[in-house]
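Residue numbers (my numbering), protein chains in the order written: chain A, 2 to 230; chain B, 2 to 230; chain C, 2 to 230; chain D, 2 to 230; chain E, 2 to 230; chain F, 2 to 230. Worksheet: the structure to be examined is printed underneath.
Number of protein chains: 6
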Amino acid sequence: MKHQIICHFSRADGEIIRMLGKLGVATVHEAQGRIGLMRPFLRPIFPGARLAGSAVTVLCQPGDNLMIHAAIEVCRPGDALVVTTTSESEDGMFGDLLATSCIAHGIVGLVINAGVRDVSDLTVMNFPVWAKAINAQGTVKASPGSVNVEVVCAGAIVRPGDVIIGDLDGVVVVRKEAAAEVAMLGAARIAKEEQSRERLRAGELGVDFYGLRAKLAELGVEYIDGRNQ
Amino acid sequence: MKHQIICHFSRADGEIIRMLGKLGVATVHEAQGRIGLMRPFLRPIFPGARLAGSAVTVLCQPGDNLMIHAAIEVCRPGDALVVTTTSESEDGMFGDLLATSCIAHGIVGLVINAGVRDVSDLTVMNFPVWAKAINAQGTVKASPGSVNVEVVCAGAIVRPGDVIIGDLDGVVVVRKEAAAEVAMLGAARIAKEEQSRERLRAGELGVDFYGLRAKLAELGVEYIDGRNQ
Amino acid sequence: MKHQIICHFSRADGEIIRMLGKLGVATVHEAQGRIGLMRPFLRPIFPGARLAGSAVTVLCQPGDNLMIHAAIEVCRPGDALVVTTTSESEDGMFGDLLATSCIAHGIVGLVINAGVRDVSDLTVMNFPVWAKAINAQGTVKASPGSVNVEVVCAGAIVRPGDVIIGDLDGVVVVRKEAAAEVAMLGAARIAKEEQSRERLRAGELGVDFYGLRAKLAELGVEYIDGRNQ
Amino acid sequence: MKHQIICHFSRADGEIIRMLGKLGVATVHEAQGRIGLMRPFLRPIFPGARLAGSAVTVLCQPGDNLMIHAAIEVCRPGDALVVTTTSESEDGMFGDLLATSCIAHGIVGLVINAGVRDVSDLTVMNFPVWAKAINAQGTVKASPGSVNVEVVCAGAIVRPGDVIIGDLDGVVVVRKEAAAEVAMLGAARIAKEEQSRERLRAGELGVDFYGLRAKLAELGVEYIDGRNQ
Amino acid sequence: MKHQIICHFSRADGEIIRMLGKLGVATVHEAQGRIGLMRPFLRPIFPGARLAGSAVTVLCQPGDNLMIHAAIEVCRPGDALVVTTTSESEDGMFGDLLATSCIAHGIVGLVINAGVRDVSDLTVMNFPVWAKAINAQGTVKASPGSVNVEVVCAGAIVRPGDVIIGDLDGVVVVRKEAAAEVAMLGAARIAKEEQSRERLRAGELGVDFYGLRAKLAELGVEYIDGRNQ
Amino acid sequence: MKHQIICHFSRADGEIIRMLGKLGVATVHEAQGRIGLMRPFLRPIFPGARLAGSAVTVLCQPGDNLMIHAAIEVCRPGDALVVTTTSESEDGMFGDLLATSCIAHGIVGLVINAGVRDVSDLTVMNFPVWAKAINAQGTVKASPGSVNVEVVCAGAIVRPGDVIIGDLDGVVVVRKEAAAEVAMLGAARIAKEEQSRERLRAGELGVDFYGLRAKLAELGVEYIDGRNQ
């Protein structure tokens, strides 16, 4: 594997990214046909964390954050770091100094398939992070890796410039080529869900609303009164 | 396995359920002889979540929430959904639309041995949920299951109408037949603990208070001064 | 194994302990050369939890908290309980009554490689706890163990009188003999980090700041423009 | 919870149990409608392990095997011990002495939601065990529990006299009342599978054999040639 | 996500695939620069399992093996099935009937990020499988998925026609475009390792052989006699 | 933390080590009062693996095996390597070349709280290894660590020269100072167990043999006939 830092890549339109961020992870995931979701072991480090940005991908050796430093230089405002390691690690690869540097360069958040530390500081700085662990264990800056190559992060393929959406429900990746269409489909979904919400709020049953009675019958599910048992 | 929806079942007295809710999970678990506790991997989705209700049990296929829709119809106000799957799953089987429907029908909470999504919305709605994972991964409505059959949820047997108590310490199940007695025993326990608390607050030692010095000696535990080591 | 309660042991200086507490877990861990960190599966039970105290170590049988009661008697104000079990357990070995007793004797917190319960109460009491699980499952007081012997807790060796520092990043142990030096090194580290923070905040890049460009070149990491791909 | 040892209970017919054993876990599980399977973390301690017996259930405290000793007395030849604990434990509750005693009383195997030790000896003795862990950690004989009450073992409900089938695929429980019917259904299934096996061996495709082409079309799955991509 | 079955794709040269298979997983992984390794939780179901084939990728719904049936039709002799699910599952998606069908069509093995059953039969049939779990839990044939799309399996990206190598050390993926070069590099590596093996067997030390003494000194590692401590 | 290689240390008597090896892990663990057992997630890589040797401890960075090379130089015939990392890692730090070197220097086995690879080769070489994972992921030789310092390996404290016993039941550590006494106690235990085995084989019940009837009564365990229920 050659170690490379790809400096330039295309990004999705900023307005589209903002729209996807407003839709939220669950809606975006549905809108694009249930692909691109990272595994649920990635959790936000504080409850109100929300993220919508363009992925700058970082592939590190476990226990080594050298390439995160290299990645910051090629970021533009609005980018989000997506960091993974060549083998499993829970070390705390990112802390308040790196977050300070990120904020100085307009980076809007971090998704990391490893650990993070200085979590109190990051919370105060309102820098959103999704991580596998909170871990004070620091790392070195000694091993090569790559920036802006295709990576697998928490089960999802991420390519530079893909849109990264994070909230309390997790993290989802949207292909940059599909971003506009997904945003449109997501908005339509939201509108439709609002109608559903109204009807359900009024007491209509899901079995009626979604027409499930026929399906239950077809599947052989029997209704039993139960009062005489 | 026949797939059945049992429509009617007996419930414990509402006042007893409220009393059990006030006692909390740890006290109820002790009061009934340390049975009925669900495994601690079920966690509340927000810190102040509290639940006391009558179980409506739901057995689903993994990745399929059809039977949750069917279950809502047979719920009465004050009921709590207890959902499990036929094999392990972390998919997000429940979200804000289902919660809206639950609230419309007076359902007071959810215990689910699987995942949940739209967690921000559920928090705003103050709909308490105990789940194994937070996961945006949605589900289909395609496979049969059962409602109000005996299930195992996170290691505990639950039958329809059993009392479900949830708080920050976890979830405990009380057999409906035993609910009144457990409530009484729990109240007595609380009264006794209050006395213990006062004495411990005043500085009395547990080894004296619980008469443990004799036991320590009998077990051969030696006191060593340590200052000359 | 003989079961012993060692009553007296030396502690680090109180002022040093306070200084270490202010430095926080990540800085202390770095200052002492990245040793003594407990595994990240120990988590604080509430977000603002912070701990700095002298370790009183407790070795219990799984499912038995007898020795915690015995340990409280040999604690002095400023001590922190460090509890582990002879084999893996997630039972809730500690709750609000024990916390009441701890507070009455000036104990400043608990680190436990097992479970804890009554978490709402402990939060209201502001009694900081780092635990492996939140679990209502109670324990008995029937089996012998030891107090103030050398233990392994969540992967770290702890001896009585070692300094225990806990915050949102986890828990770290400082040998009492090394405490003063570690505090000094940590303070120096904080001062240096503050300078780094200023430069990073001003937009200086880590690759320049830490002189990483030469290392990246030496490691064979190539910069690729990417615009023509 | 009262601690009880139920001495007598009904069992399924021995010939039926043997038939179920020959069918194996996967077939029995299918034959009874995919219920009663224990979670796959229970693994046999040696590859050729096979079990078919009547359940004697044992509920122990974690780290305590007193009730296993009590259970052996109420076993008859052909019985299988099913052991679980009141909270999670991986301690080695069973070893070669207990196996010697089991064999002396005609007990045909062990299913234990905890640990086991002396595994080399048990293998030489050809005493089949399904366990969660192999662990030399021994246990005490100090705490009460129950024998032949309803238990949950690795996610499955087991009642005394239920038929326990174990092989390399895991462990399944058959209600004693259903044993004869399940054996008959399983035998029919085996016969049918043999026919399927012949046709598949001859090269017939599953999509034809099971009539799946229509379903794939109905589900919108498209066939793409791929040669021009 | 559109559901597609891609029928045709290019494969690496059969002789190259055989060479890669002889090199084994660890050597191939090294030879291609330590990429493409699947996570170590995938384990072979019997000790002597070895696999070298061209990937036919299968993306299924959890608990549903419909697409495995569809995949077999587009396989050629020498292909290996690589199966993953859209969300985590340990269900037993593959058993002896599917293995019979695979063998009939010349399929040389299975890598599955889920469960497998009928393990005794598969062993007798000498059909090699790497799986996450052994689980009798069967699946349905009801949900759409895709065949021969890009998938992530146990952390590694797999594209149709990539070379899949499996042995006791795990599973590694080689891009079909790189297969010839990796085979050559691997063979060179084997030759070089044989020389190293001879020298190490003769007692030469790794610190001399690899020239590590200078590095140890440079890293500040001190040699201490230890006899006077 | 200073990085040190301690070259010389005292060892237990070779005959005592052999005796402890014959006793096996479970007996040695009991004989020394149930201390020193490593966590059961360490498993032997082949069924017949047995180990009895003097510990040479190795503390590595995760993903780096430099210090294993350094450790081999200070080993004597009969030593066993005990390797752990400063933070969690499953990388394959040890393979057939290192095993070749170990065998050349009379090293009798490896206990590693990380991964191992080339497992087929190690099995053919009959070099016994207990590891946390089997993983082809290789490591670098770039980071400092220590040899023959006190380490924690899989939950147990190990000091250079401690006796390491491994078999199918796991790994146990015996303090070198206690080795002779533990061997004697273990032998006595074996003799006593042989007597117990004879009586149990003859059908005597554990409840009689260990005098447990009184304890069951004292604990309030009731015998219920069960035939009339």
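Here a beta-carbon is modelled for each residue, glycine too, at the ideal position from N, C-alpha and C.
Taking 8 angstroms as the CB-CB cut-off, is residue i touching chain D?
i: residue 35 of chain B; result: yes
i: residue 231 of chain C; result: Only positions 2 to 230 of chain C appear in this structure, which leaves residue 231 of chain C out of reach.
i: residue 153 of chain B; result: yes
i: residue 116 of chain B; result: no
i: residue 6 of chain E; result: yes
i: residue 27 of chain F; result: yes
i: residue 233 of chain E; result: Outside the displayed span of chain E (2 to 230) sits residue 233 of chain E, for which this structure offers no information.
Count the other C-beta atoms from every protein chain shown that fall within 10 angstroms of the C-beta of residue i, then say buried if there are 16 or more, exposed otherwise.
i: residue 148 of chain A; result: buried
i: residue 203 of chain C; result: exposed
i: residue 136 of chain F; result: buried
i: residue 55 of chain B; result: buried
i: residue 212 of chain E; result: exposed
i: residue 221 of chain E; result: exposed
i: residue 78 of chain C; result: exposed
i: residue 71 of chain A; result: buried
Is the Cβ of residue i closer than 8 angstroms to any Cβ of chain C?
i: residue 21 of chain B; result: no
i: residue 119 of chain A; result: yes
i: residue 143 of chain D; result: yes
i: residue 56 of chain A; result: no
Report the rounded CA-to-CA distance for residue i versus residue j, giving the unit in angstroms.
i: residue 181 of chain F; j: residue 37 of chain F; result: 16 angstroms
i: residue 80 of chain F; j: residue 73 of chain C; result: 43 angstroms
i: residue 109 of chain B; j: residue 164 of chain B; result: 12 angstroms
i: residue 47 of chain B; j: residue 26 of chain B; result: 16 angstroms
i: residue 53 of chain E; j: residue 40 of chain A; result: 29 angstroms
i: residue 172 of chain F; j: residue 214 of chain E; result: 32 angstroms
Consider the Cβ of residue i: report whether some Cβ of chain F lies at a distance smaller than 8 angstroms.
i: residue 196 of chain A; result: no
i: residue 18 of chain E; result: no
i: residue 87 of chain C; result: yes
i: residue 138 of chain A; result: yes
So, are the CB atoms of residue i and residue j less than 8 angstroms apart?
i: residue 129 of chain F; j: residue 57 of chain F; result: no
i: residue 43 of chain A; j: residue 112 of chain A; result: yes
i: residue 83 of chain A; j: residue 175 of chain A; result: no
i: residue 7 of chain C; j: residue 139 of chain B; result: no
i: residue 20 of chain F; j: residue 184 of chain F; result: yes
i: residue 127 of chain E; j: residue 85 of chain E; result: no
i: residue 24 of chain B; j: residue 187 of chain B; result: yes
i: residue 179 of chain C; j: residue 33 of chain C; result: yes
For the ligand GDP, any of its heavy atoms closer than 7 angstroms to the Cβ of residue i?
i: residue 194 of chain D; result: Annotation note on the ligand GDP: not contained in the displayed structure, which lists no ligands.
At a Cβ threshold of 8 angstroms, is residue i touching chain E?
i: residue 24 of chain D; result: no
With 8 angstroms as the threshold, decide whether the Cβ of residue i is near any Cβ in chain B.
i: residue 158 of chain D; result: yes
Got a sec: is the Cβ-Cβ distance from residue i to anything in chain A below 8 angstroms?
i: residue 102 of chain F; result: no
* Stretch pair the region 136 to 156 of chain E + the region 61 to 78 of chain E: three plus CB contacts closer than 8 angstroms -> yes
* Report yes or no: do three or more beta-carbon pairs, one from the region 107 to 126 of chain B and one from the region 155 to 173 of chain A, lie closer than 8 angstroms? => yes
* Does the region 8 to 23 of chain F touch the region 84 to 97 of chain F, meaning 3 or more C-beta pairs lie closer than 8 angstroms? -> no
* To do: Spell out a yes or no on whether the region 97 to 108 of chain F and the region 192 to 206 of chain E are touching, meaning 3 or more CB-CB pairs, one atom from each, closer than 8 angstroms.
  => The way I'd put it, the region 97 to 108 of chain F does touch the region 192 to 206 of chain E; three or more beta-carbon pairs between them come closer than 8 angstroms.
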